[in-house]
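Presented below is the structure to which this report refers.
Residue numbers (the numbering used here): 374 to 559.
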């Protein structure tokens, strides 16, 4: 069975929003190689609507600058959970309605293929965790305090709890730590 791996940038103060504004100084060769290995180990991308909107606007114009990474990002099948998106307009995108998300994502995991990559941590991630569908959470902990954020950030969610065990770490020269966690059965 395929794994779903969530890859999420996070600051020391728990901010995950607008990572393009605070991660670039830390994205050096090691991080680029790690991100590329992760992307190429997967053959599908799962997203929520907000992540999809940002990616679908940015990535089509980034192929020249990012080479085969950008090509892969744009050509992999994308699955977006949304009740309002009707015409995604970015490559091979399938829209999954929220009411069907658990069943459709379960079927997606059962298909043959490589793992499934999910970027960000929002309502879709919570659905995955609540239904035992998330296999790994990779937090890219950045050594920066951003000083912004809202109650929807990863560390500030009401009525949501889950236990994880550490499965591994990767430390980059820039101080970024990628901590890989796996859910612990309750």
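Every residue gets a Cβ at the ideal spot worked out from N, C-alpha and C, and that includes glycine.
Asked: What is the DSSP secondary structure of residue 512, counted as helix, strand or coil?; Found: strand
Asked: Flag this pair as touching only if the segment 515 to 522 and the segment 383 to 400 have three or more C-beta atom pairs under 8 Å; answer yes or no.; Found: yes
Asked: For residue 511, is the classification buried or exposed, using 16 other Cβ atoms within 10 angstroms of its Cβ as the cut-off for buried?; Found: buried
Asked: Does the structure place the segment 473 to 493 close enough to the segment 413 to 421 that three or more beta carbon pairs sit under 8 Å?; Found: yes
Asked: Does DSSP put residue 501 in a helix, in a strand, or in coil?; Found: helix
Asked: Between which two residues does the alpha helix (DSSP H) holding residue 436 run?; Found: 436 to 439
Asked: What is the DSSP secondary structure of residue 389, reduced to helix, strand or coil?; Found: coil
Asked: Alpha carbon to alpha carbon, how far is residue 540 from residue 380?; Found: 14 Å
Asked: In terms of residues, what are the limits of the beta strand (DSSP E) holding residue 416?; Found: 415 to 421
Asked: Return the CA-CA distance between residue 550 and residue 426, expressed in angstroms with no decimal places.; Found: 27 Å
Asked: Is the Cβ-Cβ distance between residue 468 and residue 458 less than 8 Å?; Found: yes
Asked: Given this structure, state the Cα-to-Cα distance separating residue 394 from residue 521, to the nearest angstrom.; Found: 11 Å
Asked: In terms of residues, what are the limits of the alpha helix (DSSP H) holding residue 481?; Found: 474 to 483
Asked: For residue 552, which of helix, strand or coil comes out of DSSP?; Found: strand
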